[in-house]
Amino acid sequence: MRGGSLEARLRISDPDCAAQLRRLGMAEPPRPLTWRQRVRVACEATEALVYLHSKGIVHRDVKPDNILLDEKLTAVLADTGFAKDQRPDASVRCRSTAALYMTTGYLCPSISKGGEYSSKTDGYAVGITLLVCLTNRSEVQLTDRCEDEFEEDWTDIDVTRIADAAAGWPDPAARAVKDLAKADGKSLCHDSLRKRPTLPEALTTLQALLSGSQRRAGMEEAAPALGDEAATAARTTGYEPSPLSVQVRGMRTSGDAQARIQDNMMLAFKTLMPRLDAVYASRSAAAPDGFEERINFWHRECGLPTELRSQLHSLRIWANAARHHDAARWRRDGPRSEGEASRLVAAVTEAIGALEGLNTFG
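Using the numbering used here, you'd call the opening residue of the sequence shown number 6 and step up by one each time.
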């Protein structure tokens, strides 16, 4: 998406991240995200996770690189290809496979010890993401390295010594985020799963932090991800997401029409292809790297329906046209209307969902 990933926006001095942002049309490095913007993005990503969990699905690869931003810094949780349906036991658990799906640094230690994926392991990744937003440090052994650097236990480290100065963190907000992520008491990265808050609880904390800062500053810039009614619902176990959350913020609904369609096509292709990778995981070693060849391989060798193959190729062509920011190519190869684009994405999403159902229960 045109705002880049949260990872790229946090690591603007990193050469690879800077190159990614330049490819999105940012000739000059953008300003560092403020602390309010970081918390707001975390709220929106957490809201999407709460919705997924309410449907019995765990994401399994939450990290800043999978949180995409549009030009207004609205967050979209992407790369749900590793997401796993927890049914028929949809309470908290998802049995581990031989693979470790999360990225190093964001992987809950319980998984590497043979534990199960769950909403709590997604919550652990949210906690590490919050610490990366707070400190702009590497996620790998983040708290251990801070303890070694300052020769203090994590809970004793003064948050002003680790907060990213470029974000302008006020001390109370920085302490709240640090303690929500990891503390002796209830926290997202606590060693004990039993002492970790639920994500609706964490979402409520983040929203309270954000709305409290707005009241003090009198600002509307960093509006909470949920309205009052949805925020109240998030405090209950029967969370009912807003209409926007029903799509996990998967499709933009405002801004320039052409840019909106282009962003949606890139996002749809980015999130749908990994889901098919998961469906055909048993043949992944033989699947070609190129998207066009991989789609044809799935059709030829794995029984991908012919209609879905055709639809995926259309989506691939549209996403490529959007990615290259070539107006002539978009006019030639892109969808004729927003309705056509939305119908194709809906059809592909439904068809892949059906394949996932067969893969899970067949």
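Glycine is no exception: its CB is placed at the ideal position from the N, C-alpha and C atoms.
How would you write the range of the beta strand (DSSP E) that residue i sits in, first residue to last?
| i | result |
| --- | --- |
| Ala80 | Ala80 to Leu82 |
Under 8 Å, do residue i and residue j count as touching if we go by C-beta distance?
| i | j | result |
| --- | --- | --- |
| Asp184 | Ser197 | no |
| Ala207 | Thr79 | no |
| Trp159 | Trp40 | no |
| Leu73 | Leu309 | no |
| Asn269 | Val350 | yes |
| Val63 | Leu11 | no |
| Glu76 | Arg7 | yes |
| Ile133 | Cys151 | no |
| Val131 | Val81 | no |
| Arg201 | Lys125 | yes |
| Met278 | Phe296 | yes |
| Arg314 | Ile300 | yes |
| Phe155 | Arg166 | yes |
| Cys2 | Arg288 | No answer is possible for residue 2: the residues shown for the chain start at 6 and end at 367. |
| Leu26 | Pro34 | yes |
| Tyr129 | Arg65 | no |
| Ala172 | Pro37 | yes |
Quick test of your reading: residue i and residue j, contact by CB under 8 Å. State the CB separation rounded to the nearest angstrom.
| i | j | result |
| --- | --- | --- |
| Ala23 | Thr276 | No, Ala23 and Thr276 are not in contact; Cβ-Cβ is about 25 Å, not under 8 Å. |
| His58 | Leu204 | 6 Å |
| Cys138 | Leu15 | 7 Å |
| Gly110 | Glu144 | 3 Å |
| Leu136 | Leu147 | 5 Å |
| His330 | Gly30 | 7 Å |
| Pro211 | Val44 | It is Leu, not Pro, that sits at residue 211 in the sequence shown. About 6 Å separates the two Cβ atoms, so the contact holds. |
| Ser323 | Gly339 | The residue asked about is misnamed: residue 323 is Trp in this sequence, not Ser. The Cβ separation is near 5 Å, so the contact holds. |
Could you tell me which residues DSSP puts in a beta bridge with residue i?
| i | result |
| --- | --- |
| Ser10 | Leu73 |
If I follow the unbroken alpha helix (DSSP H) through residue i, where does it start and stop?
| i | result |
| --- | --- |
| Trp174 | Where Trp174 is concerned, there is no enclosing alpha helix (DSSP H), given that its DSSP letter is neither H nor E. |
| Gln25 | Pro20 to Arg28 |
| Cys307 | Phe296 to Cys307 |
| Asn269 | Ala262 to Val284 |
| Cys113 | Note, Cys113: premise wrong, no alpha helix (DSSP H); not H, not E. |
| Arg314 | Thr311 to Arg328 |
| Arg36 | That residue, Arg36, is in no alpha helix (DSSP H); it is neither H nor E in DSSP. |
| Asp149 | Leu147 to Phe155 |
| Arg341 | From DSSP, Arg341 is part of no alpha helix (DSSP H); its letter is neither H nor E. |
Would you list, in sequence order, the uninterrupted alpha helix (DSSP H) runs of no fewer than 4 residues that lie entirely inside the stretch 159-211? With a minimum length of 4 residues, the continuous alpha helix (DSSP H) runs that stay inside the stretch 159-211 are 176-186.
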